[in-house]
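Participant: Residue numbering for the sequence shown follows UniProt numbering, starting at 1 and increasing by one per position.
The beta carbon of each residue, even a glycine, is placed where N, CA and C say it ideally should be.
The following block contains the structure, expressed as structure tokens.
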Amino acid sequence: MSSTDNKPPLPQPGDTPSAPEPAPAAFSDKNGLPDEFFDDEQHSQQPLDLTPTTLKFKQDHKFIDLRPDFVIDVALAKNSDSEPFNLSNVNKLITALKNAGLYVEIRQGSASSLLVFVKCSAARLTRQYYYSATKDWLYTISTTPPSEWNNEESPDLTPAQKLRLIYSILTAPPSDHGIGITPDIGEWYFIKSIFPLHNHELNKQWIRRWSTKWVIDAEDINWIRNHFGEKYALYFAFVQEYILWLIFPTVIGIFTYFFLGSYSKFFGVLNIAWGVLFVQAWKRKESSLAFEWGVKGSSILETPRPQFVPESFKVDPISNEKRGYYPNWKRALKQLAFIPLALGAILVVVILQMLSFSLEILIGQLYHGPFKSYLALIPTGVLVAVIPVAVSLYSNVVAAFNDWENHETEDSHEISFTQKLFSLSFLTSSGGLLLTAYLYLPFGHLLRPHVDYITVFCQSWVSNHFASPERFEINSNRLQQQVLYLMGTAQVIKFAVSTVLPYVQRKTVSQAQRITSKEANPFNDDPEEVAFLEEVREQAREPEHSVQPEYQEMVLQFSHIMLYGIVWPLAPLAALINNWIELRGDAVKICVDMRRPIPSRAESIGPWLLDLKIITWIASIIMSSLLAMFSDTYSEFSMRSVEGYSLVNSSLWKILAFIIVFEHGYFIWSFVVSFVVGQLSNKNQIKDKQARHYLRKISLEEEGSPVTVTGELKNFKVSTVNPSETVWKSQEQNENALLEEAKRILHRVKEINNPTPGETKKTK
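Right, here's the structure in full:
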């Protein structure tokens, strides 16, 4: 193999990968070791010392740290006892890895799987870096010209860049300088997963640092970018920005709660104004980060999904390469076909929530028999038991629809799936509140004359323990109680279920396995390797993490603040506290409960930004309607409930007029904020434009450029002359003659405009 000190030349567009480098059986960066150490025969006799975070080769009683870059979990057989182990698949994988210039080590994973450890050589990594840099340059993502690339030294890569490049070697198609491994798909069906290993010391530093900081700053975000990639850095930057922006409504909400109360128009107007400002500010922030990180436009270079089935192949107008193509209009038609399913799912959820709502009123206010305190839990139990099942079925159908839509990239596939679930999640979290706000509170008093009939019906068909109360009252505080639960108790439960419970469960299962295991080393691992391999096997069992559900959680919370913040003004405070803890909980979850994420680039939060904008518009309608209905009568809620009066004292036309005025105010404010923010200078965008301007100046100064920076032609020579130009040139006069001609014409014009008396008479 060529030495890692001999760097390859820069790849040119259209180049094919050079002949693969032979790789030794064991991976290493050599670190000055003699080549004999890496001889296959000699290496097979080298004992190994592996810890949960490092892999070490031992030579002459000295350990040399070697960290594998990726682990490939390989199934030796399908889920069939009759099918023998297929070692030809393993041989195929090893050959492909070695031909790609990667180092390989193999250990047992489970009773029917292998763990293939992969290490990329410095030379192969350098080549892949320049492949990627060249493509970024050709697609105008990068502003660093090739003339400034230094192919005499290895590039200084962050851990995230290194893992991203190596993952592209493993999974990118051969046409893009990769092996083309597609886990669980096609010829690579026997590969279960590919994942990098956690660096536990790094994770501990991350958690320790964040646990002692009140505010996550730009340095922390860049640290995440360097170790986990731009996609995760952008998520944490979004949550931190959201936390900082929550301070304003928190302060206003505390003031409103203690001095103005619920349904305050003052808080409602400021809340809408804040929401619009936050959305526009984040839009500008994410654009600035994309320019700063050099990923603006990087989404165009996403690798196609292995499951993507092109209808035809077309020439890319930018790269002039053939690419798989699927018409957008066909995908759009398939997405439209999903609408009836979504509406049906929404209808089912509404029916379930109305059923639970009705049961809650019947048991809470009309039932007076035994076990009332337990029976009161039935409505909640119905929702808790049935809705998750319905959502699970819906998710399976959505997944099938999503596959049918034939998305080209993993990101678009994942985002489409999450967006389809978002609509139902929004309804399940807000449906009960909407029923209370628009049915129970405005029209609940109409039940009072009919309570006796309802009681008689229940006594006849259900139980004689139903009885009409002496005075039927609606619960005027029901909406506030629901918002309090949604923003307080529900968030605590969600955090415990998503972060604390998986950790406790994993520790319990791991401890139980150690206690019940008959053998301390069931896989007959080398004693020096046991700790490391157990750690790797555990990570192989861990689920993959995705930022899309995390975005969904934040966007749902934002919707609750925007729509129902006026009901309980302390909602922003509850969100602020929850998000401060959630931000650190997400870090712990990624480090402890999930596989290490594979770094990838991202330039925006995707369609979630549009969701935020839509939510602010919906809030202008929902919030204004609640203000129109309840702001004037809130102080009389108790009296009106007791007396059986409606809690709404405004006519329908007055409510509609208030909504229209409020909504138009929202549109005007949105336009003003968008215009003003658009006029503000973005230093990172300016730097990017300066860099691109500089590159164009450099190209004009090059020897092959026909013009100078000022636009002057270099070495200009006339090769042909237009015949008409020859005539013009022959008739050319000097400046004095031209000036005399101009004077003669001017004199004639004056004579025409100011004729003498004699000339006037002659003219007549």
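Would you list, in sequence order, the uninterrupted beta strand (DSSP E) runs of no fewer than 3 residues that lie entirely inside the region 185-269?
Facilitator: 191-195, all fully within the region 185-269.
Participant: Counting along the chain, where does the alpha helix (DSSP H) carrying I300 start and finish?
Facilitator: Taking the first residue of the sequence shown as 1, we reach residue 300 at position 300. Segment: none, I300 is in no alpha helix (DSSP H) and carries neither H nor E.
Participant: State buried or exposed for R601, treating a residue as buried only when at least 16 other CB atoms are found within 10 Å of its CB.
Facilitator: Here residue 601 refers to the residue found at position 601 when the sequence shown is read from its first residue. With 16 or more Cβ atoms within 10 Å of its Cβ, R601 is classed as buried.
Participant: Within 10 Å of its beta-carbon, does M639 have 16 or more other beta-carbons around it, so buried, or fewer, so exposed?
Facilitator: Taking the sequence shown and counting its residues from 1, the one referred to as residue 639 is at position 639. Classification of M639: exposed, given that the 10 Å Cβ count is below 16.
Participant: In chain order, what residues of the same chain lie with their CB nearer than 6 Å to the CB of I247, ignoring the 5 residues before and after it?
Facilitator: The residue you call residue 247 lines up with position 247 of the sequence shown. Nothing meets the Cβ criterion.
Participant: Taking all protein chains shown into account, do 16 or more other C-beta atoms lie within 10 angstroms of the C-beta of S620, making it buried, or fewer, making it exposed?
Facilitator: Here residue 620 refers to the residue found at position 620 of the sequence shown. By the neighbour-count rule (16 or more Cβ atoms within 10 Å), S620 is buried.
Participant: Do Y242 and M554 have their C-beta atoms within less than 8 Å of each other?
Facilitator: For the purposes of this step, residue 242 is identified with residue 242 of the sequence shown, where counting begins at 1. For the purposes of this step, residue 554 is identified with residue 554 of the sequence shown, where counting begins at 1. Yes. Within cutoff.
Participant: Say the cut is 7 Å; is the CB of Y263 nearer than that to a heavy atom of the ligand FMN?
Facilitator: Only the bare structure without any ligand can be found here, which leaves the ligand FMN out of the picture.
Participant: Report all residues from its chain with a CB closer than 8 Å to the CB of A281; omit the five preceding and five following residues, and keep chain order.
Facilitator: Your numbering for residue 281 matches position 281 in the sequence shown. Only E241, W245, V677 meet the Cβ criterion.
Participant: Can you give the Cα-Cα distance for N328 and A400, rounded to whole angstroms?
Facilitator: Numbered from its first residue, the sequence shown carries residue 328 at position 328. Numbered from its first residue, the sequence shown carries residue 400 at position 400. Each residue's Cα considered, the two are about 19 Å apart.
Participant: Could you name the residues of the same chain whose beta carbon sits closer than 7 Å to that of N754, not counting the 5 residues immediately before and after it, in chain order?
Facilitator: Position 754 of the sequence shown, counted from the start, is the residue given in the question as residue 754. Cβ within range, chain order: n/a, list empty.
Participant: Return yes when the Cβ of L576 is within less than 8 Å of the Cβ of T212, no when it is not.
Facilitator: On the sequence shown, residue 212 is found 212 positions in, with the first residue counted as 1. On the sequence shown, residue 576 is found 576 positions in, with the first residue counted as 1. For T212 and L576, no; Cβs fall outside 8 Å.
Participant: Would you say R323 and F338 are within 8 Å of each other, going by their C-beta atoms?
Facilitator: As a working mapping, residue 323 is identified with position 323 in the sequence shown. As a working mapping, residue 338 is identified with position 338 in the sequence shown. Taking 8 Å as the Cβ cut-off, R323 and F338 do not qualify as a contacting pair.
Participant: Given that a residue counts as buried once 16 or more other Cβ atoms are within 10 Å of its Cβ, and exposed if not, what is S641?
Facilitator: Mapped onto the sequence shown, residue 641 falls at position 641. Buried: at least 16 other Cβ atoms inside 10 Å.
Participant: Grouping DSSP H, G and I as helix and E and B as strand, with all else coil, what is V74?
Facilitator: Your numbering for residue 74 matches position 74 in the sequence shown. V74: strand per DSSP, three-state reduction.
Participant: Determine contact between the region 131-143 and the region 296-306, defined as no fewer than three beta-carbon pairs at a distance below 8 Å.
Facilitator: The answer is yes - the region 296-306 touches the region 131-143, with three or more Cβ pairs under 8 Å.
Participant: In angstroms, rounded to a whole number, what distance separates the CA positions of S256 and G180?
Facilitator: As a first step, residue 256 is located in the sequence shown; it is residue number 256 there, counting from the start. As a first step, residue 180 is located in the sequence shown; it is residue number 180 there, counting from the start. Residue identity differs from the one stated: residue 256 is Thr in this sequence, not Ser. When rounded, the distance between both Cα atoms is 59 Å.
Participant: Kindly identify the DSSP beta-bridge partner or partners of I106.
Facilitator: Walking along the sequence shown from the start, residue 106 turns up at place 106. BP columns for I106 point to V116.
Participant: What does the alpha-carbon distance come out to for the pair E735 and V749?
Facilitator: Counted from its first residue, the sequence shown places residue 735 at position 735. Counted from its first residue, the sequence shown places residue 749 at position 749. Roughly 21 Å between the two C-alpha positions.
Participant: Cα-Cα, which of L115, F426, I254 is closest to N271?
Facilitator: Along the sequence shown, one-based indexing puts residue 271 at 271. Measuring from the Cα of N271, the nearest candidate turns out to be I254.
Participant: Give the DSSP bridge partners of G324, in chain order.
Facilitator: For this step, residue 324 is matched to residue 324 along the sequence shown. Looking at the DSSP assignment, G324 forms a beta bridge with F313.
Participant: Once DSSP output is grouped into helix, strand and coil, what is the label at T143?
Facilitator: Sequence index remark: in the sequence shown, residue 143 carries index 143 (1-based). Looking at T143 - three-state DSSP - the assignment turns out to be coil, as it is neither helix nor strand.
Participant: Using the rule of at least 16 other Cβ atoms within 10 Å of the residue's Cβ for burial, across every protein chain shown, is W481 buried or exposed?
Facilitator: Numbered from its first residue, the sequence shown carries residue 481 at position 481. With the sequence shown as reference, residue 481 is identified as Gln, and Trp is not the correct amino acid for it. By the neighbour-count rule (16 or more Cβ atoms within 10 Å), Q481 is not buried but exposed.
Participant: Once you ignore the five residues that flank H747 on each side, which residues in its own chain have a CB closer than 6 Å to its CB?
Facilitator: For this step, residue 747 is matched to residue 747 along the sequence shown. Same-chain partners within the cutoff: there are none.
Participant: Based on DSSP bridge pairs, tell me the residues matched to T409.
Facilitator: What you label residue 409 is simply residue 409 of the sequence shown in a count that begins at 1. According to DSSP, which records beta bridges pairwise, T409 is partnered with P304.
Participant: Just curious, the alpha helix (DSSP H) that R448 is in, first and last residue?
Facilitator: Here residue 448 refers to the residue found at position 448 when the sequence shown is read from its first residue. Here R448 belongs to no alpha helix (DSSP H), and DSSP marks it neither H nor E.
Participant: Quick check on DSSP: helix, strand or coil for S600?
Facilitator: In the sequence shown, counting from the first residue as 1, residue 600 sits at position 600. DSSP places S600 in coil when its eight states are reduced to three.
Participant: Inspect the beta-carbon positions of I378 and L359 and report whether they are closer than 8 Å.
Facilitator: Taking the first residue of the sequence shown as position 1, residue 378 is located at position 378. Taking the first residue of the sequence shown as position 1, residue 359 is located at position 359. Yes; because the gap between Cβ atoms is below 8 Å, this pair is in contact.
Participant: Rounded to whole angstroms, what is the Cα-Cα separation between F658 and A172?
Facilitator: As a position in the sequence shown, residue 658 is number 658, starting the count at 1. As a position in the sequence shown, residue 172 is number 172, starting the count at 1. Each residue's Cα considered, the two are about 56 Å apart.
Participant: Measure from the alpha carbon of Y232 to the alpha carbon of each residue in S476, Q548, L610, then state which is nearest.
Facilitator: For the purposes of this step, residue 232 is taken as residue 232 along the sequence shown, with counting starting at 1. Nearest of S476, Q548, L610 to Y232, Cα basis: Q548.
Participant: Out of I346, L336, G444, which has the shortest C-alpha to C-alpha gap to E405?
Facilitator: Locating residue 405 in the sequence shown gives position 405, where the first residue counts as 1. Of the candidates I346, L336, G444, the one whose C-alpha sits nearest the C-alpha of E405 is L336.
Participant: Quick check on H560: does DSSP put it in helix, strand or coil?
Facilitator: Along the sequence shown, read from residue 1 onward, the residue named residue 560 stands at position 560. Of the three classes helix, strand and coil, the one that applies to H560 here is helix, per DSSP.
Participant: Is I566 near L626, with beta carbons less than 8 Å apart?
Facilitator: Here residue 566 refers to the residue found at position 566 when the sequence shown is read from its first residue. Here residue 626 refers to the residue found at position 626 when the sequence shown is read from its first residue. Cβ distance < 8 Å, so I566 and L626 count as in contact.
Participant: Looking at R506: is its Cβ nearer than 8 Å to the Cβ of H198?
Facilitator: Your numbering for residue 506 matches position 506 in the sequence shown. Your numbering for residue 198 matches position 198 in the sequence shown. No.
Participant: I'd like to know whether the C-beta of A273 is nearer than 8 Å to at least one C-beta of chain D.
Facilitator: Any reference to chain D falls outside this structure, which holds one protein chain only.
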